[in-house]
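In mature numbering (1 follows the signal peptide of the UniProt record, and there is no 0), the protein residues as written are -20 to -1, 1 to 82.
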C-alpha cells in the first residue's frame, strides 16, 4: 500500500512540474510568439532541412540567448537547441574559422 501511494505521489509530482514548464513543441506561430515575448528573440537565419522541414535560428539582442527551431511540413515547431551568448560570424571571417564557445 505504501509503495502504491509513493508511486501515485511521484506521478503527481512529475505531472505538476511538467505542466509548469513551457512545452518545447507547438504550432509555429505560438512558439515564435513565445520566443519573442519571453526572450525578445527574433529570426536571424533559416534553411530547409533534408526532411522537408524548416530550421530557423532566433536570437535575442546583444546575444543574450538563442534558439534553434525545427518546423515540420505539418506546421508543428519544436525547439531543438537553445543557449546563451550568441555571437554572429565576424565580418570577413573565413568559413573554416569558428568562434570558440566560452
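Heads up, the beta-carbon is just placed ideally off N, CA and C, and yes, glycines get one too.
Scanning its chain for C-beta atoms nearer than 7 Å, with the 5 sequence neighbours on each side dropped, one finds around residue 44 the residues 64, in chain order.
In this structure, the CA atom of residue 59 is about 16 Å from the CA atom of residue 66.
In this structure, the beta-carbon distance from residue 6 to residue 57 falls below 9 Å. Rounded to whole angstroms, the separation of the alpha carbons of residue 19 and residue 40 is 6 Å. If you ignore the 5 residues before and after residue 32, its C-beta comes within less than 7 Å of the C-beta of 53, all in its own chain and listed in chain order. Note that the C-beta distance between residue 34 and residue 51 is below 9 Å.
If you look at residue 24, you'll find it in the beta strand (DSSP E) that goes 22 to 28. With at least 16 other beta carbons inside 10 angstroms of its own, residue 49 counts as buried. Around the beta carbon of residue 15, 16 or more other beta carbons sit within 10 angstroms, so the residue counts as buried.
For residue 15, the enclosing alpha helix (DSSP H) starts and ends at 8 to 19.
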